[in-house]
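Asker: Chains as they are written, first to last, in this note's numbering: chain A, 8 to 394; chain B, 4 to 391. Quick one: the structure is below, questions incoming.
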Amino acid sequence: MGSLDAYAPIIERIEALARARGLSFEPVYFRVTDSDEMAEVASMGLPNRFIHWYWGGAYKELLAQQNREVFSILELVLNTRPSHAFLRASNTYLQNVLVIAHVFGHVDFFANNHWYRKSNKNMLNEAELHARLIRHYAARFGRERVEQLLDALLTVATTVNAFERNPEARRRRLIYFLEERAPLEDFERHLLQVVREEAEYFDVIQRTHISNEGWATFVEAELLRELLDPREWVTICVQLSSRPAPYTIGYSLYKAIKDARGFAATLEVRAYYEDVMLIQEALDEAMIRRLDIFVYDPRERKKSYEVQRVRDMLIEQKQFKGQPHVEVELGGDHRDLTLVHRDEERKLEPKRIALFLKAVHSLWRNPVRLRANGKVYTYDRRGFSST
Amino acid sequence: MGLRIHRGRIAQYQHDQLLRDYLKQHLHELIQQRELIVDGRVKTQITTLDLPTLRYGEETAVLAQGGGMAGAGQGATGARGGEEEVQALGGLLGGDHHGRELRVELEFDEFVRLAQEVLLEEIRLPPLRTAGRGGEVESDDLPELDDLDRIGLRPDLNLEETMLHALLRNVRERGVADYDVDVRQDGWYFVEDPTTYRNHRSLEVYVLDISGSMRGEYLALVRKTIFVLWYYLERRYPTNLRRYVVFQDVAAEKTRDEFFCVESSGGTHISSGFEKAMELLEGATEYDKFLFLFTDGETSSGDFDLAKRRYEEALQRFDLIAYGHVNPGSRGVGGFSEYVQERVRRVPNATFANLVDVATIRAAMTDFLTFLARERSGGIAGRLRSHH
Chain A
8 MGSLDAYAPI IERIEALARA RGLSFEPVYF RVTDSDEMAE VASMGLPNRF
58 IHWYWGGAYK ELLAQQNREV FSILELVLNT RPSHAFLRAS NTYLQNVLVI
108 AHVFGHVDFF ANNHWYRKSN KNMLNEAELH ARLIRHYAAR FGRERVEQLL
158 DALLTVATTV NAFERNPEAR RRRLIYFLEE RAPLEDFERH LLQVVREEAE
208 YFDVIQRTHI SNEGWATFVE AELLRELLDP REWVTICVQL SSRPAPYTIG
258 YSLYKAIKDA RGFAATLEVR AYYEDVMLIQ EALDEAMIRR LDIFVYDPRE
308 RKKSYEVQRV RDMLIEQKQF KGQPHVEVEL GGDHRDLTLV HRDEERKLEP
358 KRIALFLKAV HSLWRNPVRL RANGKVYTYD RRGFSST
Chain B
4 MGLRIHRGRI AQYQHDQLLR DYLKQHLHEL IQQRELIVDG RVKTQITTLD
54 LPTLRYGEET AVLAQGGGMA GAGQGATGAR GGEEEVQALG GLLGGDHHGR
104 ELRVELEFDE FVRLAQEVLL EEIRLPPLRT AGRGGEVESD DLPELDDLDR
154 IGLRPDLNLE ETMLHALLRN VRERGVADYD VDVRQDGWYF VEDPTTYRNH
204 RSLEVYVLDI SGSMRGEYLA LVRKTIFVLW YYLERRYPTN LRRYVVFQDV
254 AAEKTRDEFF CVESSGGTHI SSGFEKAMEL LEGATEYDKF LFLFTDGETS
304 SGDFDLAKRR YEEALQRFDL IAYGHVNPGS RGVGGFSEYV QERVRRVPNA
354 TFANLVDVAT IRAAMTDFLT FLARERSGGI AGRLRSHH
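See below:
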């Protein structure tokens with residue numbers, strides 16, 4: 008189904024159903040597009056974001072997965088005001104009906120979840136401005152220099168935390184520390200802020216990924232149960248159970264809340280919870296078993312379904328995006344920068360440490376140290392070393 | 004509809020450029036991988052095309068999900084846990100692709116093209132020439148190969164051969180002696196003048212000694228030589244048939260992918276390599292036939308005489324036998340290799356290359372290109388063909 012006109016009546020109907028269930032949202036602009044554009048937006052995060060080789064690798068991989076029919080992106084929706092949602096032209100009509108209902112779940116989450124209040128709803132325009140600024144700086148200061156700077160900035164950008172309000176805790180996160188203290192030129196600091204702002208925009212999405220996707224999937228099921236005939240509903244039930252992990256985990260959590268406390272309670276949870284809170288409160292042993300989630304030890308080839316262990320690891324994954332918990336050690340001498348890996352029991356991949364420290368050194372410009380793996384790794388003007 | 008800027012494709016182009024540079028830098032180590040082709044692709048353990056964020060070592064416990072549940076989410080990587088598929092739930096949990104691990108992996112053909120680019124530059128071999136701005140063709144010290152006898156869209160299928168292969172295939176795969184060739188589709192009947200038409204296909208048989216130490220540097224030299232050979236052969240022949248043989252005590256035909264993944268073992272019976280190569284000539288009468296043999300050592304003492312006989316026979320049946328003595332240690336050449344060296348001085352369709360390093364690939368190519376140039380001018384190969 009290629010034309011948006013074909014979907015206008017069903018969009019109107021689903022929107023009315025959503026509002027009747029107490030959902031509220033900003034206007035949504037739907038757009039029918041092809042798989043290529045879907046992959047482009049998914050890999051870059053935003054349709055007009057600055058161009059970087061890293062998105063190119065993700066884009067290539069997504070296209071390859073789509074071609075091999077391993078994985079396809081069925082829908083995309085942007086957390087902007089108004090919201091923009093993409094329907095894939097090659098989806099079946101029924102698939103796009105699912106997508107439309109799912110989108111209304113997302114836009115309701117964007118409008119009502121507490122943690123989205125401070126998210127930048129103007130990011131579509133800002134990303135465009137950032138892209139222009141980067142092109143301008145590349146012309147003025149040299150493309151290679153700007154590209155190297157962006158590589159380093161994107162490397163440290165994973166340390167953002169859009170939720171963190173405590174100044175000291177924020178400063179322990181590398182990118183904020185560098186923004187405050189690194190001896191950068193004005194344009195370099197400006198680019199750091201650009202990258203940090205975009206990373207924070209995505210950080211909100213990442214930290215609410217389970218609750219947001221779970222909510223959208225839950226809303227989709229709730230709305231479509233009223234709309235579809237039994238045969239179509241069966242098709243959807245199959246689709247619901249074959250979605251990626253964050254969708255099924257989140258969906259199960261909301262479903263459990265609804266079963267225990269009613270639909271109104273789910274509206275409240277979607278308004279105040281982010282992933283960590285949701286996991287802490289709603290993930291129990293029965294659900295862990297049913298979803299078959301576990302901590303896997305590759306050395307022992309053992310699975311652990313211990314509730315606390317699974318919860319802790321899931322929460323840690325949310326807090327640090329699955330990356331090692333590395334913090335800035337505050338209070339040292341002002342010239343050298345010392346980073347500490349807080350989970351000493353787990354070993355870091357040594358090959359990447361030198362590359363990471365080199366990237367940090369390119370921003371800090373003075374000796375950078377990392378305490379990890381029982382060693383102290385250093386990168387200074389003589390290069391990389393460890394003791 | 005406004006003009007759409009394909010940012011994804013531009014980003015992909017930038018990624019590919021970096022990938023090419025990266026692969027060029029690491030070609031030497033990549034080419035030595037014992038299993039060069041897996042599922043038609045060259046896979047690497049390299050993840051440095053990723054942003055250099057920190058990661059846990061591989062042996063660290065991870066959050067995972069059983070294969071029976073939600074399947075591969077974005078950013079999931081597979082791991083084997085006992086008999087069951089385990090999907091690690093790491094990496095991407097949000098809208099940005101940060102933290103995804105991008106493995107460097109590419110189609111074998113693409114890998115070969117990159118390798119050829121690097122090698123031609125490294126060995127200082129000429130790319131096939133294009134006409135200069137003034138219409139002149141640039142010249143260099145190697146034989147000309149740019150005005151190949153390509154025949155454009157004209158089909159070059161050979162009916163008899165097609166039918167013979169169809170028969171063999173049907174016997175092998177379906178157990179019936181039947182042709183499944185639609186002669187109306189065969190280009191043979193559409194060649195205006197079959198008597199003057201030259202078939203420009205080649206049969207290339209690659210024979211590799213996998214005994215003893217054929218690994219590391221040895222493998223690298225063989226593969227580099229083959230990739231450079233392919234560069235020239237592909238430009239000379241509109242289509243080519245490549246067959247692959249490996250031998251140690253005995254010889255066996257392999258597929259291309261197997262040929263680039265073989266494990267070295269056993270003793271050396273060069274005669275078996277020649278024998279298998281000659282077997283493959285069955286039904287290949289119309290080809291330019293090339294035999295490229297690579298060995299790193301001497302044939303077993305008991306095989307010396309037989310190897311000589313088989314070599315002489317093969318010389319009668321192939322248009323060219325290129326014998327590569329893989330010798331990264333630059334040791335002296337003796338035994339059978341010495342015999343071949345001696346014969347090369349006397350017979351026109353034999354070449355010998357002492358492959359010590361990439362520079363010696365250049366010498367080997369020069370010999371090979373000289374042979375091709377002579378052959379094209381109606382010399383060697385035409386004469387040889389009249390013998391058999």
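Every residue, glycine too, gets a C-beta built ideally from N, C-alpha and C.
Please say whether residue 58 (chain A) and residue 437 (chain B) have beta carbons closer to each other than 9 angstroms?
Answerer: No answer is possible for residue 437 (chain B): the residues shown for chain B start at 4 and end at 391.
Asker: Under 9 angstroms between C-beta atoms, does residue 96 (chain A) make it to chain B?
Answerer: So, not an interface residue.
Asker: Span of the alpha helix (DSSP H) holding residue 260 (chain A)?
Answerer: Unbroken alpha helix (DSSP H) run through residue 260 (chain A): 252-268.
Asker: Residue 18 (chain B) versus chain A: which residues are under 7 angstroms apart at the beta carbon?
Answerer: By Cβ distance, chain A contributes 60, 63, 64 and 67.
Asker: Would residue 327 (chain B) and residue 297 (chain B) be called neighbours here (beta carbons separated by less than 9 angstroms)?
Answerer: Yes, the Cβ-Cβ distance between residue 327 (chain B) and residue 297 (chain B) is below 9 angstroms.
Asker: Consult DSSP for residue 11 (chain B) and reduce its assignment to one of helix, strand or coil.
Answerer: The answer is helix: DSSP assigns residue 11 (chain B) an H, G or I state.
Asker: Quick check on residue 304 (chain B): does DSSP put it in helix, strand or coil?
Answerer: Correct three-state label for residue 304 (chain B): helix.
Asker: Quick one: does residue 285 (chain A) have its CB under 9 angstroms from some CB of chain B?
Answerer: Chain B contact via Cβ: absent.
Asker: List the residues of chain B whose Cβ lies closer than 7 angstroms to the Cβ of residue 363 (chain A), in chain order.
Answerer: Under the 7 angstroms cutoff, chain B gives 55, 56 and 57.
Asker: Comparing the C-beta of residue 165 (chain A) with each C-beta of chain B, is any distance below 9 angstroms?
Answerer: Yes - at least one Cβ of chain B is within 9 angstroms of the one on residue 165 (chain A).
Asker: Output the distance between the C-alpha atoms of residue 118 (chain B) and residue 344 (chain B), rounded to the nearest integer angstrom.
Answerer: Distance between the alpha carbons of residue 118 (chain B) and residue 344 (chain B) is about 29 angstroms.
Asker: Identify every run of the beta strand (DSSP E) within the region 336-361 of chain B, keeping only runs that are complete inside it and at least 3 residues long; order them along the chain.
Answerer: Runs of the beta strand (DSSP E) inside the region 336-361 of chain B: 353-358.
Asker: Are residue 383 (chain A) and residue 181 (chain A) closer than 9 angstroms when you measure CB to CB?
Answerer: Not a contact, by the Cβ cut-off of 9 angstroms.
Asker: For residue 100 (chain A), which residues does DSSP report across the bridge?
Answerer: In the DSSP output, where bridge partners are listed per residue, residue 100 (chain A) has none listed.
Asker: What do you reckon, are the CB atoms on residue 179 (chain A) and residue 337 (chain A) nearer than 9 angstroms?
Answerer: Yes. Within cutoff.
Asker: When DSSP labels each residue in this structure, what does residue 190 (chain B) get in the three-state scheme?
Answerer: Below a pLDDT of 50, predicted positions are generally treated as unreliable, and residue 190 (chain B), at 46, falls in that range; no measurement from the model is reported.
Asker: 9 angstroms is my cut-off, CB to CB: does residue 314 (chain A) come that close to chain B?
Answerer: Taking Cβ atoms only, chain B never reaches closer than 9 angstroms to residue 314 (chain A), which makes this a no.
Asker: If you measure from the beta carbon of residue 183 (chain A) to each beta carbon in chain B, is any gap under 9 angstroms?
Answerer: For residue 183 (chain A), the answer is no, since every Cβ of chain B falls outside 9 angstroms of its Cβ.
Asker: Sort out for me which residues DSSP pairs residue 304 (chain A) with in a bridge.
Answerer: The partner list for residue 304 (chain A) (beta bridge, DSSP) reads A:309.
Asker: Residues of chain A with a CB under 9 angstroms from the CB of residue 276 (chain B): which are they?
Answerer: The premise fails here: residue 276 (chain B) is roughly 38 angstroms from chain A at the closest Cβ pair, so nothing lies under 9 angstroms.
Asker: Whose Cβ in chain B lies nearer than 7 angstroms to the Cβ of residue 158 (chain A)?
Answerer: The contacting residues are 54.
Asker: Measure from the C-beta of residue 63 (chain B) to each C-beta in chain A and report whether the shortest distance is under 9 angstroms.
Answerer: Taking Cβ atoms only, chain A reaches closer than 9 angstroms to residue 63 (chain B), which makes this a yes.
Asker: How long is the line joining the alpha carbons of residue 344 (chain A) and residue 206 (chain A), rounded to whole angstroms?
Answerer: When rounded, the distance between both Cα atoms is 22 angstroms.
Asker: Compute the Euclidean distance between the alpha carbons of residue 216 (chain B) and residue 299 (chain B), then round it to the nearest angstrom.
Answerer: Taking the straight line from one Cα to the other gives about 8 angstroms.
Asker: Output yes if chain A places a C-beta closer than 9 angstroms to the C-beta of residue 96 (chain B); else output no.
Answerer: No answer about residue 96 (chain B) holds up, because its pLDDT of 37 lies below 50 and its placement is not dependable.
Asker: Run the CB neighbour count on residue 187 (chain A), radius 10 Å, all protein chains shown included, and call it buried at 16 or more, exposed below.
Answerer: The residue is exposed, with fewer than 16 neighbouring Cβ atoms inside 10 Å.
Asker: Between the alpha carbons of residue 278 (chain B) and residue 320 (chain B), how many angstroms are there, rounded?
Answerer: Taking the straight line from one Cα to the other gives about 11 angstroms.
Asker: Can you list, in chain order, the residues of its chain whose CB lies under 7 angstroms from that of residue 364 (chain B), leaving out five sequence neighbours each side?
Answerer: For residue 364 (chain B), where only same-chain residues beyond five positions count, the Cβ hits under 7 angstroms are 126, 227, 228, 231 and 358.
Asker: I'd like to know if residue 374 (chain A) contacts chain B, where contact means its C-beta is closer than 9 angstroms to some C-beta of that chain.
Answerer: Not an interface residue.
Asker: Does residue 21 (chain B) have its Cβ less than 9 angstroms from a Cβ in chain A?
Answerer: So, interface residue.
Asker: Got a sec: does the ligand PLP put a non-hydrogen atom nearer than 8 angstroms to the Cβ of residue 297 (chain A)?
Answerer: As presented, the structure is devoid of all ligands, the ligand PLP included, so that no description of it is given.
Asker: What are the uninterrupted segments assigned as beta strand (DSSP E) that are 3 or more residues long and contained completely in the region 215-293 of chain B, given in chain order?
Answerer: Taking only runs of at least 3 residues, the beta strand (DSSP E) segments lying wholly in the region 215-293 of chain B are 243-250 and 254-257.
Asker: Any idea what DSSP makes of residue 280 (chain A), helix, strand or coil?
Answerer: Of the three classes helix, strand and coil, the one that applies to residue 280 (chain A) here is coil, per DSSP.
Asker: Using a Cβ distance threshold of 8 angstroms, determine whether the region 300-316 of chain A contacts the region 271-288 of chain A, with at least three qualifying pairs required.
Answerer: Too few Cβ pairs lie closer than 8 angstroms, so no.
Asker: Helix, strand or coil: how does DSSP classify residue 376 (chain A) here?
Answerer: Residue 376 (chain A) falls in the strand class under three-state DSSP.
Asker: Could you tell me which residues DSSP puts in a beta bridge with residue 32 (chain A)?
Answerer: Per DSSP, none; premise fails for residue 32 (chain A).
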